[in-house]
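The structure appears right after this line, and notes come after that.
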Amino acid sequence: MAETETKLISFTLNGQKLSVPAGTLVIEAAKQAGIEVPSFCYYPGLALQAACRMCLVEVEKQRKLATACTLVAEDGMVVHADTPAVHKARKDMLEFVLTNHPLDCPVCDKGGECELQDMTFTYGIDHSRFIEEKLHYPEEKWSPIVFYDAPRCILCFRCVRVCDEGMDVKALGVGARGVTSVIIPNESGQLACEECGMCIDICPVGALTSGTYRYQTRPWEMKYFGTACAHCSNGCKTTLSIRNNEILRANNRDHSGINGEFLCAKGRFGYDFTTNAERIRQPLVRKGGTLQPASWEDAIEEIARRLKQAHDTHGAAAMGVIGSNHITNEESYLLNRFARTTLGTNNIDHHRTADYAGLATALGSKAKDSMATMAQIEGASAIVLIANDATQQNPLVAWQIRAAVRHHAAHLYIIHAGPLKLQRQAAQSVDVPAGAEGRAVGWLATGSGDLGGKITGELEKFKEALAKEKDVVILFGANVRGAAVRNLVKFGSGLSGQTRYMSLGDYSNSRGAADMGVFPDRLPGYAPLSDANERGRWGKLWGKEIPPKPGVNARQMMQAALEGKLKALYVVGANPLKTFGVKAPDKIAGLDLLVVQDMFMTETAQRADVILPAASTYEKDGTLTNTAGEIQMVRRAVDAQGPRSDFDLLRILIHQLAQLGLGAAMKHRTPEAVLEEIRQNVRGYDVSIAGLLTGGTEQATSAPAAADGSYDVAADLVFSSQDDLFTSGTLGRYCSKLNSTKESKERPWSSSPTTQSWWSR
Amino acid sequence: MQVPAQLDAKFNQLVGRYPVKRSALIPMMMYAQDEFGHLSDEILDEIARRLGLNMTEVTETLSYYSMLHRKPIGKNHVQVCTNTSCQLRGGFETLAHVEKRLGIGNRQTTPNGIFSLEEVECMGACSGAPAMQVNYDFYENLTPEKVDTILDQFAAGKRPAPVPVISGSLHEPAPGENRVISQRFGVRDSRTLKVYRDLEGYQALEKALKEMTADQIIDEVKKSSLRGRGGAGFPTGMKWSFVPKNSPKPKYVVANADESEPGTSKDRPLMEMDPHALIEGSVIAGKAIGSNQGYIYVRGEYRYILDILDVAIEEAYKAGYLGKNILGTGFDFELCTHTGAGAYECGEETALLDSLEGKRGYPRIKPPFPAVAGLYQCPTVVNNVETLSTVPLIIRKGGDWYASLGVPKNGGTRLYSISGHVNRPGIYELPLGFNLNRIINEVAGGVANGKKLKAVLPGGTSCPLLKADECDVAMDYDSVAKIGSMLGSGGLVVMDEDTCMVDVARRIAHFYAHESCGWCIPCREGTAWLRKLLDRFHEGGGRQEDIPLIDEVSQNILGNTLCALGDAAALPTMSIVRKWRGEFEDHLRGKCLHKPADVLTVAH
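Chains A and B supply the protein sequences, listed in that same order.
Count the first sequence with the numbering used here and you get residues 141 to 901, in order.
Count the second sequence with the numbering used here and you get residues 1231 to 1834, in order.
The structure is reproduced here in structure tokens:
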């Protein structure tokens, strides 16, 4: 978006001369100047309320106190936020709030992190003059995860606004009137919504509490780890609250991530896979047809021995590696090294949930300026969304789109099969048959392609409108792949201003796996395997020459395994039997060796010869790259009890196999060291380490040195799992709290009998 | 669900009235409730479906308004007013009598389902106090015998005749009265177009549309120094001039007929007896600001008045005073009524606009003012009924003429609804600047039963009360402000020496707590606190420290709220606790002036 010059005005606050852009609210100007003006109802990005009256300030030449949250700073204005009248007003407002607010802080979940508590300490009074009976209503259960305690509610309407304006769900409203006003859920006492839990986080008091967390601990007993979410590809930051090595809560505590205050149901409630009872906690080795517990030494020794044997007997071409959409960049990088130089094969691939390689290849050297960040979605003047239900599949992307439309009047254009919630925000929307999205893109780029008169007519208008837009962000899902991506970039290049792209994948490190070159024909940074210089460069770095012949892809590997051509398959953090719909999974057992590193007994793991229990995203250090290419660090918030990180497992195995003569040993012992190697060698990853270390993101713009017009991909290789807000591939099955919200949608529980009776007339 | 044909037609008509469908929500719920007695989930679903709303939006709005019911109530809904004007003349005793008679308490329904009972806030029958409504019918100047007769007839399945027009509006001119806007009161069939036209009706419209420019109309109104008659007294011409001339958006004229300031019942007779004046004034206002669409927002309780207006509007359409190309001048103006559903706050102009948009009646943050961003965020002028009804006079006879009726900066005459302890409660039209003592003693016939005057609410319960010795004051905006009160809404409530001022404060506190919309903290919590505190105090549980506390709680509300309702609750309370502190001290010693009002001792 073009930056328009904003006029600066200057005004005085507490005697301090402040210079701010015209139109700035006094409450914001104060915050920037480090002067606290308290408020409950004011919330940046949401509609102004002027309801709590905590931010009353004195304005010279004005008769009454003014609310700083609605007061626009004007040239020459003199504002005081520290006079006796202002302090008295704050005290008075708190006294009013506390008349009906129960003083049950000792048993309230919010105690210790309650804004009302903090404000009462800072500005309030130490006694109450209110001796009348307080209002009392029973607590209500709105869903397994949302509870409402009406007497504690101070009616700041943050929850209502975030649900309406932010989420566009409108599940919350205000009922009754006056002092009996309460927040009401949409479905006769229950919530029918996206269960994002934003209302809980945004509540300044203990009125909305989380069913997954309440009554377990106190905020000061926990440690907090900000880390990237383990689920979808959007890379939201979630803060894990830990006590005694257990995650008790995930929420959005400091708003410092790319997601600001946003978090969806998965980021907020999908953390308990870490303690799921079905977690594999020790190595298992198949003996006499059954998987039996083994020591780490025995399991590793078994794998190394049998891999070496298979390699020596059947050759490197009979070896295969399936990588993961979840493991860290460092782990994917290591896995790549393991496949190409330890096992000496290019048979390495993963479930590609978006055609990142296609985009990188189509952009080539333009990638650096052409890959959109999450923030750039909100800043865009026009957004094109193709073949993706972002609301369900990419919740942060959808949040950013809504923000762009709401705050900046951005225009949204959609090409999709079937109805989408985001069509409410759309300026234009073209409904195409499923699978025809690529052809629609082709039509946009070339004007040819048979889509029928109606769709062609709509696309014409679509194209016409887009021709008038500038600085467009184009977002596309898995059904736009291969040639369609090339067409998309061709079309986008014709638009005015800087067009940016984002390929929308499924999982937390789908993009990272692609960037790290977990492909049969690509090396890290999408360097073509066919490029001898690249092969030479990576072979040198990894201590062994890389074979020039491209490997087979994931589907071909599965087929080869069924046909007995593949003898050893090494699977890390993936469930290929399920993902690729292998028809006769038991025939996989015909492999000489199937090794699986995973957290759970997946369909693939069940057929493994050796299983190594793996640590989860929340139990290890490293980096993830979101679908926008934004890298961020994940941190070991809890210690895995038993399992080891995929990093450690691969490192040990590389070492073992080097001892046996396969591949070169590795000098790096930590993910940090590998990240350093990645930064120095993977194109597009030469990002600032300081930004990452301080909890921020840095955008990687990996792409081959030159665009390659001929690069294409088989249609069945790039596909989305079509996860929704409550599923998360195989991992999602083991998120009990998340599943409880999903079940409640399918089978509503009966709400408390008191619900509604006291507010409906 | 299958909607009965007549209601279906009404629904369709309502949905077609507004550029934004949601605006039809409250009227649709009101008419549906009239049909079924309450609002079932099924009918709400149907309404939601027709308006494209979700149930949260419907429930939010529904639960805000006190006239809407989700549960079945009796066939005949008896609503007894106990607000200040009625309180002074036996409202509570009437309520007790009805309770005894029907054998049910407040908000209960008789086992046979024939009656339900509700104690309600001011219903705009102040000069006919004590009063009640059964369904939409008004019954005034109640006595126990009258109440019995009315209830007997309802029980027998009959509908006793309600008052035809508000009590006290038909009388010979009182001393000092200048009947200008009330000139047609009492004229037979005055509400018909024919009579209105015979009595100079629609001449102003001819003049405004054919001979005047918009600016000339505004100048004339400015010259008249007409000030808003709703309560705030903002100069009308100036308000109109704030509407941006070049806005590409549609503009709206909204008549505020949500008369609900306790003690005020002066717009009611205007609409009952002179509906065409309001219509004519609205069209002229439309011409002045360049608007082609007007709405009359009528409080829900005034249903029969809304029906009168609808008839008059239909007449006006037929005669070409409304609609396309009015009087062949090329000017178009559409006008329709819109019912509220029971919320005092909707008299506040921005809350009224939210309500007109089908939402909860929450006041808006200002600026922007309605003149710039009002209905549907379009430029809008909201004027009181009396204000708009006065406009034709000003146009016809000139702003200077009108101004000369009053005093400088306070042009013309205004209507007072006088209630409480006076010999002749009623509706009177007096020039601005008329002396308050003279109003009480000469116009309203003096304090009833030869008692001495104690207190006066000069313009509704939102004003600080005046002591007897403060009543030698000219009733114009500036003079009354000078002695610390407000001219307000014209609802003049007189209290005699036997009145318990603690009880008055208590009842006022009940009103504002009931009507606080709940948006901002000081008003929501403060009014509720005052209600509980004054209840306890009046019932004998007071403490010495409560007296300053009542004052301080009020002060902490004052000036700190989003709209004026908080001030309206604080100001009368502060004035009572300060001016009649002695009575509060007396209560601490168990002495209360309050005794059951003998409804028969007050002459009618």
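Even glycine gets a Cβ: it sits at the ideal position worked out from N, Cα and C.
Thinking just about the alpha-carbon of each residue, which of the options is nearest to the one in residue i?
i: A:Ser510; options: A:Glu518, A:Leu499, A:Gly519; result: A:Leu499
i: B:Asp1238; options: B:Lys1821, B:Cys1822, B:Asn1613, B:Glu1276; result: B:Glu1276
i: B:Gly1458; options: B:Glu1616, B:Val1417, B:Met1297, B:Gln1263; result: B:Glu1616
i: A:Val658; options: A:Lys882, A:Asn465, A:Ala520, A:Lys608; result: A:Asn465
i: B:Leu1618; options: B:Val1364, B:Pro1249, B:Ala1487; result: B:Ala1487
i: A:Glu609; options: A:Glu176, A:Ala567, A:Thr586, A:Leu205; result: A:Ala567
i: B:Ile1648; options: B:Gly1524, B:Leu1536, B:Asn1671; result: B:Asn1671
i: A:Gly407; options: A:Gln533, A:Ser521, A:Cys343, A:Ser321; result: A:Gln533
i: B:Tyr1547; options: B:Ile1535, B:Val1724, B:Gly1560, B:Leu1565; result: B:Leu1565
i: B:Gly1642; options: B:Gly1656, B:His1651, B:Arg1654, B:Val1621; result: B:Val1621
i: A:Gln356; options: A:Gly575, A:Lys250, A:Leu188, A:Asp258; result: A:Lys250
i: B:Gln1774; options: B:Asn1679, B:Lys1712, B:Arg1498, B:Asp1816; result: B:Asp1816
i: A:Thr481; options: A:Gly721, A:Leu797, A:Gly504, A:Ala618; result: A:Leu797
i: A:Leu717; options: A:Lys707, A:Ala701, A:Ala208; result: A:Ala701
i: B:Asp1699; options: B:Phe1322, B:Ile1713, B:Asp1706; result: B:Ile1713
i: A:Glu604; options: A:Ser350, A:Val620, A:Ala585; result: A:Ala585
i: B:Ile1556; options: B:Glu1436, B:Ala1571, B:Tyr1532; result: B:Glu1436
Under the rule that 16 or more other beta-carbon atoms within 10 Å means buried, what is residue i, buried or exposed?
i: B:Phe1767; result: buried
i: B:Thr1324; result: buried
i: A:Phe866; result: buried
i: A:Val572; result: buried
i: B:His1431; result: The residue you asked about is not His; residue 1431 of chain B is Gly in the sequence shown. B:Gly1431 should be labelled buried.
i: B:Tyr1742; result: buried
i: B:Leu1372; result: buried
i: A:Lys147; result: exposed
i: A:Ile541; result: buried
i: A:Trp682; result: buried
i: A:Ile167; result: buried
i: A:Ser179; result: buried
i: B:Gln1523; result: buried
i: A:Phe409; result: buried
Just to make sure I have the definition right: I need the residues of chain B whose C-beta is within less than 7 Å of the C-beta of residue i. Which are they?
i: A:Lys204; result: Gly1789
i: A:Asn326; result: Asn1284, Met1285, Thr1286
i: A:Ala229; result: Asn1790
Please list, in chain order, the chain B residues whose beta carbon lies closer than 8 Å to that of residue i.
i: A:Thr239; result: Glu1755, Ala1758, Trp1759
i: A:Gln409; result: Strictly speaking, residue 409 of chain A in this sequence is Phe, with Gln absent from that position. Under the 8 Å cutoff, chain B gives no residues; its nearest Cβ is about 23 Å from A:Phe409.
i: A:Thr210; result: Ile1595
i: A:Asp232; result: Pro1752, Asn1786, Asn1790
Could you name the residues of chain A that residue i contacts, counting a contact when the two beta carbons are closer than 8 Å?
i: B:Glu1287; result: Lys310, Gly313
i: B:Glu1290; result: Gly313, Val314, Gly315, Ile324
Could you list which residues in chain A have their beta carbon closer than 7 Å to that of residue i, in chain order?
i: B:Gly1748; result: Leu295, Arg317, Gly318, Val319, Ser321
Just to make sure I have the definition right: I need the residues of chain B whose C-beta is within less than 9 Å of the C-beta of residue i. Which are they?
i: A:Phe151; result: What A:Phe151 touches in chain B: nothing, since even the nearest Cβ is about 17 Å away.
### Task
Enumerate, from N- to C-terminal direction, the unbroken alpha helix (DSSP H) stretches of 4 or more residues contained entirely within the region 1489–1523 of chain B.
1497–1503, 1505–1519
#### Entry: Within 7 Å of chain B by C-beta, residues of the region 175–202 of chain A in sequence order
Leu188, Ala190, Ala191, Cys192, Arg193, Leu196
#### Entry: Complete runs of the alpha helix (DSSP H) confined to the region 689–761 of chain A [at least 4 residues]
694–702, 716–719, 743–746
### Residues in the region 267–278 of chain A having any Cβ partner in chain B nearer than 9 Å
Against chain B - using a Cβ distance shorter than 9 Å - the residues of the region 267–278 of chain A are Arg269, Phe270, Ile271, Glu272, Glu273, Leu275.
### Query
Using a beta-carbon distance cut-off of less than 7 Å, what residues from the region 1669–1682 of chain B approach chain A?
Residues of the region 1669–1682 of chain B with a C-beta atom less than 7 Å from some C-beta of chain A do not occur.
### Query
Enumerated in chain order, which unbroken segments of the beta strand (DSSP E) with a length of 3 residues or greater are wholly contained in the region 1299–1356 of chain B?
With a minimum length of 3 residues, the continuous beta strand (DSSP E) runs that stay inside the region 1299–1356 of chain B are 1306–1311, 1345–1350.
### Task
Scan the region 1551–1636 of chain B and note each continuous alpha helix (DSSP H) run of 4 residues or more that stays entirely inside, going in chain order.
1579–1586, 1615–1627, 1629–1635
#### Entry: Every unbroken alpha helix (DSSP H) within the region 788–857 of chain A, with a cutoff of 4 residues, ordered by chain
811–821, 829–833
### Message
To be precise: take each residue of the region 1518–1542 of chain B, compare its Cβ to all Cβ atoms of chain A, and keep it if any distance is under 7 Å. Which residues remain?
### Response
none
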